[in-house]
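Shown next, in structure tokens, is the structure this report addresses.
There are 2 protein chains.
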Amino acid sequence: MVATPAWPPKSAPRLFVPGPLAEGTSVSLEGGQAHYLGKVMRAGPGDAVILCDDKTGEWLAEVSAAAKRDVTLSVVRRLRGREAVPDFWLCAALIKKDRFDLVLEKATELGVAAVRPVLTRRCVADKLNPERARAIVTEAAEQCARTALPGLAEPVKLDALLRDWPEERRLYFADEEGGAPASEAFAAHDGPAALLVGPEGGFDDAERAAIRAHPAAVAITLGPRILRAETAAIAGTVLWMGMRGDWNAAAT
Amino acid sequence: MVATPAWPPKSAPRLFVPGPLAEGTSVSLEGGQAHYLGKVMRAGPGDAVILCDDKTGEWLAEVSAAAKRDVTLSVVRRLRGREAVPDFWLCAALIKKDRFDLVLEKATELGVAAVRPVLTRRCVADKLNPERARAIVTEAAEQCARTALPGLAEPVKLDALLRDWPEERRLYFADEEGGAPASEAFAAHDGPAALLVGPEGGFDDAERAAIRAHPAAVAITLGPRILRAETAAIAGTVLWMGMRGDWNAAAT
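Taken in order, these protein sequences are the chains called R and E.
According to the numbering used here, the first sequence holds residues 1 to 252 in order.
According to the numbering used here, the second sequence holds residues 1001 to 1252 in order.
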């Protein structure tokens, strides 16, 4: 039997903080994070907290003082370096707020490197609250024990996305009018990739033509059923992660 | 150019009705469905409606009369037979209501044959409202243009599920402690399959041991991150459907 470390406990709270974190430094938390630790998790002096800074990895910290409005932690030691992130972007058209929240949460859990919200002609939403989006992504990363936050870009118009597309990155395009089965397309190509998914109602004809004409684009299909926009975003991401991401690597 | 039929329009409302449907028959709708057609979709005499009965397939119908509380339709002709459904069950532990609703909706969109809710020791929920669950599944099927509803079983305890398991059906078990990468396991086996996913907090040790000891069970992993229960259910379903379901078939 190998002795398994009982410390930190599996249930220790996880938080992203600005950092950079280093051994022996002290971290002060206020506002929502202090409330979460002190009131929700009832953490007191000596309790373990896992901190991440999206730069140096994951650290064990201990509560040194817990007052009503602020909690102070001291950083004990590094547990893991920042994870390697599969090179996959999710370029998802903005959709209704609650459905886009789901895309942000699931994309983070599934391990994407970046979410790039896209504006298309049939988008009913044209704004994304960056603080709100950042909070959803951060909470999802804490939940799934990621040590890296996905990048979160400003919403960009489709024509600008295509114009500035990095040529070495494959752009899988979930085309409702049909394309290669996603699993075949993903099996056939290794390297940086992205998935482009339209809004409810899809891309219009001019948009579809522009995407299909792009040299990096490969039209794919996600099966014979009509998937909701957020389902297509999640499904394409799952399939790429399962086949080309890090789901095949040995757990670390 | 091939002329495309303008009738029924793509935006025609879709509804599941008890049936069985047949050409020339008349269908009366009341309650929520009448309200949806008359008030939400503002359907009037002559408007096209797509009807499915989960038995005979998909039919074109036309509104013959629309009153305040009931709408009458006449069935014109069959558009498609009932779809072939990939032989995949999702056996998902009951979780919080809103999260299980998401599982029901996404499993339907993704094309499962059946959802079998499972009761385990760490389940915080032990009941599923069957009407509510049926409504979610039906609405999702209408949304994604399925002509078959997934089966929806009563919640069953894990030990009963394992005891009565049909021996020819592979039972993929999303094991947080590790297993074969899901894509490898799915690539290695063709035939009837099911995915078993635990609740938040996972299966306990005795449950894990019982599952692993089952001759039909194959432990799989869905990557290095900790997925929420509903994310694991959706992700495992996507990956099986994308690799082994009907996502590779030519669109019909």
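Each residue gets a CB set at the ideal place from its N, CA and C atoms; glycine is no exception.
Closest to residue i by C-alpha separation, out of the options, would be which residue?
| i | options | result |
| --- | --- | --- |
| Leu68 of chain R | R:Asp54, R:Leu37 and R:Arg78 | The amino acid at residue 68 of chain R is misidentified as Leu; the sequence shows Lys. If we check each option's Cα against that of Lys68 of chain R, R:Leu37 comes out closest. |
| Leu162 of chain R | R:Pro20, R:Lys55, R:Arg208 and R:Ala34 | R:Arg208 |
| Ala1193 of chain E | E:Lys1106, E:Trp1240 and E:Ser1026 | E:Trp1240 |
| Leu1104 of chain E | E:Pro1086, E:Arg1132 and E:Gly1223 | E:Arg1132 |
| Val85 of chain R | R:Ala145, R:Ala188, R:Lys10 and R:Lys97 | R:Ala145 |
| Phe203 of chain R | R:Asp101, R:Leu158 and R:Lys96 | R:Leu158 |
| Pro1009 of chain E | E:Ser1028, E:Arg1134, E:Ala1206 and E:Asp1047 | E:Asp1047 |
| Arg1244 of chain E | E:Ala1187, E:Leu1227, E:Pro1215 and E:His1214 | E:Ala1187 |
| Lys97 of chain R | R:Asn129, R:Cys91, R:Lys106 and R:Val238 | R:Asn129 |
| Ala1012 of chain E | E:Val1040, E:Glu1176 and E:Glu1177 | E:Val1040 |
| Glu139 of chain R | E:Leu1227, E:Glu1139 and E:Thr1138 | E:Leu1227 |
| Gln1143 of chain E | E:Glu1177, E:Trp1007 and E:Leu1051 | E:Leu1051 |
Would residue i pass as a contact of residue j if the rule is Cβ separation under 7 Å?
| i | j | result |
| --- | --- | --- |
| Ala253 of chain R | Ala174 of chain R | Because residue 253 of chain R is not part of the residues shown, which for chain R are 1 to 252, the question remains open. |
| Thr147 of chain R | Glu83 of chain R | yes |
| Gly1111 of chain E | Arg99 of chain R | no |
| Pro1150 of chain E | Ala1114 of chain E | yes |
| Arg1078 of chain E | Trp1059 of chain E | yes |
| Pro20 of chain R | Asp54 of chain R | no |
| Ile1220 of chain E | Gly1179 of chain E | yes |
| Arg1116 of chain E | Ala1160 of chain E | no |
| Val49 of chain R | Ala66 of chain R | no |
| His189 of chain R | Arg169 of chain R | no |
| Gly236 of chain R | Leu195 of chain R | yes |
| Ile136 of chain R | Asp164 of chain R | no |
| Val1156 of chain E | Val238 of chain R | no |
Does DSSP put residue i in a helix, in a strand, or in coil?
| i | result |
| --- | --- |
| Ala213 of chain R | helix |
| Thr237 of chain R | helix |
| Pro13 of chain R | coil |
| Ser1130 of chain E | What sits at residue 1130 of chain E in the sequence shown is Pro, not Ser. Helix at Pro1130 of chain E. |
| Asn248 of chain R | coil |
| Ile1095 of chain E | coil |
| Asp1190 of chain E | coil |
| Asp1101 of chain E | helix |
| Ala141 of chain R | helix |
| Ile1220 of chain E | strand |
| Gly1178 of chain E | coil |
| Ile50 of chain R | strand |
| Ala148 of chain R | coil |
| Ala232 of chain R | helix |
| Leu1021 of chain E | coil |
| Lys1055 of chain E | coil |
| Ala135 of chain R | helix |
| Glu1083 of chain E | coil |
| Arg1163 of chain E | helix |
| Val1115 of chain E | strand |
| Arg169 of chain R | coil |
| Asp70 of chain R | strand |
| Leu1037 of chain E | helix |
| Ala107 of chain R | helix |
| Arg1122 of chain E | coil |
| Leu1196 of chain E | strand |
| Arg78 of chain R | strand |
| Ala1153 of chain E | coil |
| Leu950 of chain E | Examination of residue 950 of chain E is not possible in this model, given that chain E is present from 1001 through 1252 alone. |
| Ala1043 of chain E | coil |
| Leu1158 of chain E | helix |
Please work out which residues of its chain come closer than 6 Å, Cβ to Cβ, to residue i, disregarding the five sequence neighbours upstream and downstream, and give them in chain order.
| i | result |
| --- | --- |
| Ala93 of chain R | Val118, Thr120, Cys123, Gly198 and Pro199 |
| Ala1125 of chain E | Leu1094 |
| Asp87 of chain R | Ala113 and Pro192 |
| Ile1211 of chain E | Phe1173 and Ala1217 |
| Gly1081 of chain E | Gly1057 |
| Lys106 of chain R | Ile234 |
| Cys1091 of chain E | Arg1116, Val1118, Ala1194 and Leu1196 |
Take residue i and list the residues in its own chain whose beta-carbon comes closer than 7 Å to its own, dropping the five residues that flank it on each side.
| i | result |
| --- | --- |
| Ala141 of chain R | Phe16, Thr108 and Leu149 |
| Gln1033 of chain E | Leu1015 |
| Gly304 of chain R | The requested residue 304 of chain R is not part of the displayed model; chain R covers only 1 to 252. |
Return the chain-ordered list of same chain residues with a C-beta closer than 8 Å to the C-beta of residue i, the five sequence neighbours on each side being excluded.
| i | result |
| --- | --- |
| Ala22 of chain R | Thr56 and Val75 |
| Ser1064 of chain E | Ser1026, Pro1045, Thr1072, Leu1073 and Ser1074 |
| His214 of chain R | Leu162, Trp165 and Leu171 |
| Leu1029 of chain E | Leu1015, Val1017, Leu1037, Asp1070, Val1071, Thr1072 and Leu1073 |
For the ligand NAP, is there any heavy atom lying closer than 6 Å to the beta carbon of residue i?
| i | result |
| --- | --- |
| Lys1068 of chain E | As far as ligands go, the structure on display features none, and thus does not contain the ligand NAP. |
For this session: Specify whether the stretch 1073-1083 of chain E and the stretch 1117-1137 of chain E touch according to this definition: at least 3 beta carbon pairs, one from each stretch, less than 8 Å apart.
Result: no
Exercise. Can you find at least 3 beta carbon pairs, one from the stretch 1235-1251 of chain E and one from the stretch 179-186 of chain R, that sit closer than 8 Å?
Worked result: yes
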